[in-house]
Every structure is written in C-alpha cells, then in structure tokens.
Amino acid sequence: MTAFFQGIHVLAVALIAGAFLFALAMPLPAGMEAAKTANVMPKVECAVGRLAACGLAAAMVTALLWLWAVTSGMSGLGLADPALIPAAARVVTDTSFGQLWLWRLAGAIGLALLLAGPARRIGGRAGLALASLLALGLLASIAGMGHAAAAPDRALEIAVQAAHLVAAGVWFGGLTALCIALKLAGDVPDSAGFGVWATKRVGAMAFLAVAVIAASGAICAVFRVAEPAAVLTSNYGTLLIVKSVLFAGALMFAAINRWRVVPLLTAVSGDARAAQGAQRVLARNVGIETILVGAILLLAGWLAVTPPPHG
Amino acid sequence: MKRARCLLFGLAAMLAWGPVRPASAHAFLDRAEPAVGSTVAAAPKSVRLWFSERLEPAFSSVHVENAAGEDVDRGDLAVDPHDRTVIGVSLKPIPPGTYKVRWRAVSVDGHATEGDFVFTVGR
C-alpha cells in the first residue's frame, strides 16, 4: 500500500515540476509567427497550470495516504485502526519522516497559493520560476524519506537520489506538457514547424535528464546492491531490471522521434497531408514515451519500500 | 566535454571500487549486550542492542521478560544520543535464569523489523 501511494505521489510531483519547467523553457522564438498569432504558448501555459493544479491535488491526497500507510507500518496498527490518528500525529512530530513530511506540506501549500491565480494561470516568468523551484524542491525532498535517509553515507546518497528524482521529473513532466502542446497546436497553420521546435526543445531537456538518470541510477544501484549477482536473485533486483527495460524502451522511442520522425516532419512540412501523418506518429510516440517514463516513476515508489539485498 | 566525461567515469569508478556499504533499508540486529544466546555470570543492569541503521525511538521497543513471561525491564527505552543505531533498556534486579529479549526496530526510513533472542544469567 505504501509503495502504491508513494509511487503515485512521486508521479504527481514529477508532473508538476516538469510541467512548470516546460512552460519556463518554452518562449517562442522568432519565426513562429503562426503559433504566436494563434496564442499557442498562453494556451499551453493555461493547460500546464491546470495540469499542475490536478497534479498538486493528487500530490496532497497521496501525501496524506502515504503518511497513513507509513504510520501503519511504523506502529504495527492496521490501516483501519482508529488509533492510527494519534499515531500519525506522533509520526509527524517525533520522526525524521514526519518532520520532512511537514516541510513538504508547507511547500505544497505555497505552490497551491501560487496556482490560485485567476484562471489558474501562473503570473509571469518570475512566478513560473518560483513555482518550478518549489516543485523541484518538493520532488528532490522525497529522497530524504526513502532508503537513502537510512544509509551510512546518507548525505551523499540523498543528493544522488534527489538528482535522480529531479531528472526523472523533468523528463516525465516535460513529455506530458509536450503531449498537451502538440495537441493544442494541432490547428495552427504551421503546426508541423511548432511540433519540430517544441520536440527539439523538450529533447534537449530530456537529453540532459537522461544522462543524469543513467549516472545517478548506476550510482544508486552500487549503493544498494553489494553483490551484482543479487540483482538476479532478489525482488529488488527484479524491479531494477524491469525499470531498466522500461528505461531502454523510453530511450528507444525518444531516439526514433529525434532521428527519424522530427527530420521527416521537417522534410515534409510543405506537404500538409504528409505533415499531418508525421505529426500523428510524433504525438503517438511522445505519448508512449510518457507512459513508459510514468511507469518508471511508479516503480520508483515500489523500489523505495522493497528491501535491497542485504550484504 | 572530454573533461566532464573523465570526471563521470572517475566518479563511477570510485564508487564501484570504493568501500561501499550498501543500505539494507531495514534495521537488522548487528549485536547485543548481553550477546545473543550467551550465558553471563552476573545479572546485567541493562540490555543494549546495536542495529544496522539509525532508529526512530518513538516507534521502536525493547522488552525483556523472564521464563514466566513477566517484564523485568524498567520500560525506560532510550536511543544512544551519540549513535542512533544503539538502543537500550535498563533492567530490574534479576535472579539467575533465562530471559527473552523482544525487540521491534523502526529505521529512519520508516521500515520496521522485529525479533527476539535469549540470554541466561548463570547461578
């Protein structure tokens, strides 16, 4: 139960962080006149604001459920036991998990206040930057509530885990926002040009994120798994393998988009019908990549409650 | 770019070959005083347990009972302020006999483990 709530929580916070960063990194350049005239980016920002609001609501609900499940685990009480209420209060006041949970709640409330503007649209780039920072802080701080917090070299492990989470959030949230942007720009006269530009921008963010995910993931695996053979004989190792396979799958779709679909879209931009077909392929591939990265984040929640092979 | 790559490989190599102590994510009993299954000549004044990870004292517990199942500890569980992996409880004066220590350890990442062991006070 803890794994499920934690996984959904990671997913929701990653969505908020990545979506804000997407909006922040996406000022339209010169040459995107059709997109500018059609007000594509304000529409995208509006949609991203709504997406972030939904993500925040989900993050707050799952944070409460996560606390409930962790309290049940710490106290040994059943999930429906009324004594869990005072026990949860003790978790919040007397444990490292609870204190960090409280700080994160304060951050989430700050983010909710930022999102409460008219039409839920974040006000200006300064507001976007502040919201991005808060959301990234919320995402990174999850590292202090898992295995890394109990590690012998916890400062280093928390830092590596935080980098892993932030990079995964940037990838997932950026892809989700890209899906929305591609859909909203569908009716713009130069939608193919917008699609190529937006995919390249997100691709640049994702490239950096993937490098950080691969490096920090390898380091985390070294921290957690004493014997390489244990990867094949433990539940933790099985989850790591599944996560790696999903990661490879997401990379494959990213590579297909970057080196096949985007060049194709650029080449056929003069032919409306061919461009539409290529855009559909691009949107489908981005959708699949988003689902795969989302599944990786859900697995991250599962890994956080699975004991690594004991060395 | 080349320098960044070298740095990354260097870091990875250091981590791969360095003295890495993997996190178990659950607190396992490392050792105890009196030792697990031991026989001691004199009645101990306290029982101390060393775990593999830092503990949350609010949800961890140690109980010591005699052969009749009666608690012989004073219920004053405390975590060592200098080392949060060590937990202990003081004992009432106990006669020779076999005693069971039941423990429940909650590590700082929220995972719980539990177990028990016995020690004997000789005549």
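Chains B and E supply the protein sequences, listed in that same order.
For the first sequence, the positions run 1 to 311 when my numbering is used.
For the second sequence, the positions run 312 to 434 when my numbering is used.
Ideal Cβ placement from N, Cα and C applies to all residues, glycine included.
As the structure is a prediction and not an experimental result, all values here were calculated from the model.
Buried versus exposed, by CB contacts within 10 Å (16 or more), residue 238 (chain B): For this step, residue 238 (chain B) is matched to residue 238 along the first sequence. Under this definition residue 238 (chain B) is an exposed residue.
Which residue's Cα is closest to the Cα of residue 218 (chain B): B:87, B:100, B:240? The residue given as residue 218 (chain B) occupies position 218 in the first sequence. Minimum Cα distance to residue 218 (chain B) is reached at B:240.
Residues from the segment 89-103 of chain B in contact with chain E, defined by Cβ distance under 8 Å: 90, 91, 94, 95, 96, 97
For the beta strand (DSSP E) that contains residue 401 (chain E), what are its first and last residues? For the purposes of this step, residue 401 (chain E) is identified with residue 90 of the second sequence, where counting begins at 1. 397-401 is the span of the beta strand (DSSP E), which, as asked, contains residue 401 (chain E).
Cβ of residue 1 (chain B) less than 9 Å from any chain E Cβ? Indexing the first sequence from 1 puts residue 1 (chain B) at position 1. It does not; no Cβ of chain E falls within 9 Å.
Could you name the residues of chain E that residue 164 (chain B) contacts, counting a contact when the two beta carbons are closer than 7 Å? Taking the first residue of the first sequence as position 1, residue 164 (chain B) is located at position 164. The contacting residues do not exist; residue 164 (chain B) stays about 14 Å from chain E at best.
Spell out the partners DSSP gives residue 71 (chain B) in its beta bridges. Looking up residue 71 (chain B) in the first sequence gives position 71. BP columns for residue 71 (chain B) are empty, so no partner.
Through-space distance from residue 233 (chain B) to residue 208 (chain B), alpha-carbon basis: Taking the first residue of the first sequence as 1, we reach residue 208 (chain B) at position 208. Taking the first residue of the first sequence as 1, we reach residue 233 (chain B) at position 233. Each residue's Cα considered, the two are about 32 Å apart.
Express the C-alpha separation of residue 262 (chain B) and residue 98 (chain B) in angstroms, rounding to a whole number. Residue numbering aside, residue 98 (chain B) sits at position 98 when the first sequence is read from its first letter. Residue numbering aside, residue 262 (chain B) sits at position 262 when the first sequence is read from its first letter. About 46 Å.
Spatial distance of residue 137 (chain B) from residue 276 (chain B) (CA atoms): Working through the first sequence from its first residue, we reach residue 137 (chain B) at position 137. Working through the first sequence from its first residue, we reach residue 276 (chain B) at position 276. Going by the C-alpha atoms only, they are around 39 Å apart.
Quick check: the Cα distance between residue 180 (chain B) and residue 202 (chain B), rounded to an integer number of angstroms? One-based indexing of the first sequence puts residue 180 (chain B) at position 180. One-based indexing of the first sequence puts residue 202 (chain B) at position 202. Roughly 13 Å between the two C-alpha positions.
Candidates B:215, B:283, B:135, of which the one nearest residue 182 (chain B) by Cα: By one-based count along the first sequence, residue 182 (chain B) stands at place 182. The shortest C-alpha separation from residue 182 (chain B) is found at B:283.
Any idea if residue 333 (chain E) is buried or exposed, counting beta-carbon neighbours within 10 angstroms, 16 or more meaning buried? On the second sequence, residue 333 (chain E) is found 22 positions in, with the first residue counted as 1. Note that residue 333 (chain E) scores a pLDDT of 42, beneath 50, so its modelled location is shaky; the value from the coordinates is reported in the next line. Result: buried.
What in chain B is Cβ-close to residue 365 (chain E), meaning under 7 Å? By one-based count along the second sequence, residue 365 (chain E) stands at place 54. Chain B residues near residue 365 (chain E): 150.
With residue 304 (chain B) and residue 173 (chain B) assumed to form a contact (beta carbons below 8 Å), what rounded beta-carbon distance in angstroms separates them? If you number the first sequence from 1, residue 304 (chain B) lands on position 304. If you number the first sequence from 1, residue 173 (chain B) lands on position 173. So it is not a contact: roughly 19 Å between Cβ atoms.
Residues sharing a beta bridge with residue 415 (chain E), DSSP: Taking the second sequence and counting its residues from 1, the one referred to as residue 415 (chain E) is at position 104. Per DSSP, E:372, E:425.
What is the C-beta distance between residue 168 (chain B) and residue 296 (chain B), in whole angstroms, given that I count them as a contact (C-beta under 8 Å)? The residue labelled residue 168 (chain B) in the question sits at position 168 within the first sequence. The residue labelled residue 296 (chain B) in the question sits at position 296 within the first sequence. The Cβ separation is near 7 Å, so the contact holds.
Could you check the C-alpha separation between residue 95 (chain B) and residue 246 (chain B) for me, to the nearest Å? Working through the first sequence from its first residue, we reach residue 95 (chain B) at position 95. Working through the first sequence from its first residue, we reach residue 246 (chain B) at position 246. Taking the straight line joining both Cα atoms gives about 35 Å.
So, at 7 Å on beta carbons, what are the nonlocal neighbours of residue 91 (chain B) in its own chain, with the 5 sequence-adjacent residues on each side left out? In the first sequence, the residue the question calls residue 91 (chain B) occupies position 91. Hits under 7 Å: 67, 70, 71, 74, 97, 98.
C-alpha gap between residue 397 (chain E) and residue 243 (chain B), whole angstroms: For the purposes of this step, residue 397 (chain E) is taken as residue 86 along the second sequence, with counting starting at 1. For the purposes of this step, residue 243 (chain B) is taken as residue 243 along the first sequence, with counting starting at 1. If you take the alpha carbons of residue 397 (chain E) and residue 243 (chain B), they lie about 35 Å apart.
Helix, strand or coil: how does DSSP classify residue 344 (chain E) here? For the purposes of this step, residue 344 (chain E) is taken as residue 33 along the second sequence, with counting starting at 1. If DSSP states are grouped into helix, strand and coil, residue 344 (chain E) belongs with the strands.
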